[in-house]
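S.K.: The structure is given below, and queries will be raised subsequently.
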Amino acid sequence: MLNALGVVTTVVVGLMVGVEFCVVFIMGRILNALPEDSGQLGHAHGGRMLGTLMPFWYIGSLVLSAIWAVAGWHHHGARLVATAAGLLIVSVVMSILLLVPINNRNRTWTPENRPADWKEQLHRWERYHYVRVAVIIAAFALLTSALV
Numbered sequence: 650m651l652n653a654l655g656v657v658t659t660v661v662v663g664l665m666v667g668v669e670f671c672v673v674f675i676m677g678r679i680l681n682a683l684p685e686d687s688g689q690l691g692h693a694h695g696g697r698m699l700g701t702l703m704p705f706w707y708i709g710s711l712v713l714s715a716i717w718a719v720a721g722w723h724h725h726g727a728r729l730v731a732t733a734a735g736l737l738i739v740s741v742v743m744s745i746l747l748l749v750p751i752n753n754r755n756r757t758w759t760p761e762n763r764p765a766d767w768k769e770q771l772h773r774w775e776r777y778h779y780v781r782v783a784v785i786i787a788a789f790a791l792l793t794s795a796l797v
């Protein structure tokens with residue numbers, strides 16, 4: 650049962666890493682290359698879609714990791730899982746304090762109501778997101794190592 654929990658947790662976190670990696674390294678570049686207001690509208694739509702889904706995914710990943718760490722505390726790799734859970738806590742805190750406030754503004758912007766510094770705000774979000782992606786990649790690597 651503990652092995653199944655480890656595999657499920659690792660897959661869930663791995664998929665989350667893949668989505669977030671795609672957001673920053675693929676979708677962001679595609680949206681930024683679109684003409685006129687299309688890119689900003691795409692960012693707003695993506696913010697609405699992923700802003701609804703990702704909180705459940707981040708919290709779910711954290712909960713699964715915490716359960717695995719507690720359930721397997723006396724097994725090999727428990728400290729790796731606990732460290733990964735700690736990194737996922739960091740990613741959730743980063744999200745709440747740094748990324749979500751920008752995303753909540755971005756998701757309501759249109760060409761008619763966006764602020765003058767909207768590009769700067771999106772660039773700030775991207776910089777924070779790079780760090781968050783690095784944090785969740787590290788958590789994923791630790792979870793993967795704990796499976797061995």
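Sequential numbering from 650 applies to the sequence shown in the working numbering.
Yeah, the Cβ is synthetic: ideal placement off N, Cα and C, and Gly gets one too.
When we look at the beta-carbon of valine 656 and count the other beta-carbons within 10 Å, is it buried (16 or more) or exposed?
M.R.: By the 10 Å Cβ count, valine 656 comes out exposed.
S.K.: In whole angstroms, what is the alpha-carbon distance linking glycine 691 and isoleucine 708?
M.R.: In a straight line, the C-alpha of glycine 691 is about 25 Å away from that of isoleucine 708.
S.K.: What residue range is occupied by the uninterrupted alpha helix (DSSP H) comprising threonine 732?
M.R.: 727 to 743 is the extent of the alpha helix (DSSP H) around threonine 732.
S.K.: Do arginine 776 and methionine 743 count as a contact pair if the criterion is CB distance below 7 Å?
M.R.: Not in contact: methionine 743 and arginine 776 (Cβ atoms no closer than 7 Å).
S.K.: At the level of alpha carbons, what is the spacing between leucine 664 and arginine 728?
M.R.: Whole-angstrom Cα-Cα distance: 22 Å.
S.K.: What first and last residue would you give for the alpha helix (DSSP H) that runs through alanine 720?
M.R.: Run containing alanine 720: 687 to 720, per the alpha helix (DSSP H) assignment.
S.K.: Considering Cα atoms alone, identify which of His724, Lys768, Ser794, Ala787 is closest to glutamate 685.
M.R.: When each option's Cα is compared against that of glutamate 685, the closest is Lys768.
S.K.: May I have the straight-line CA-CA distance separating asparagine 755 from histidine 694, to the nearest angstrom?
M.R.: The straight-line gap from Cα to Cα measures roughly 9 Å.
S.K.: Using the three-state DSSP reduction, which class does asparagine 762 fall into: helix, strand or coil?
M.R.: Asparagine 762 falls in the coil class under three-state DSSP.
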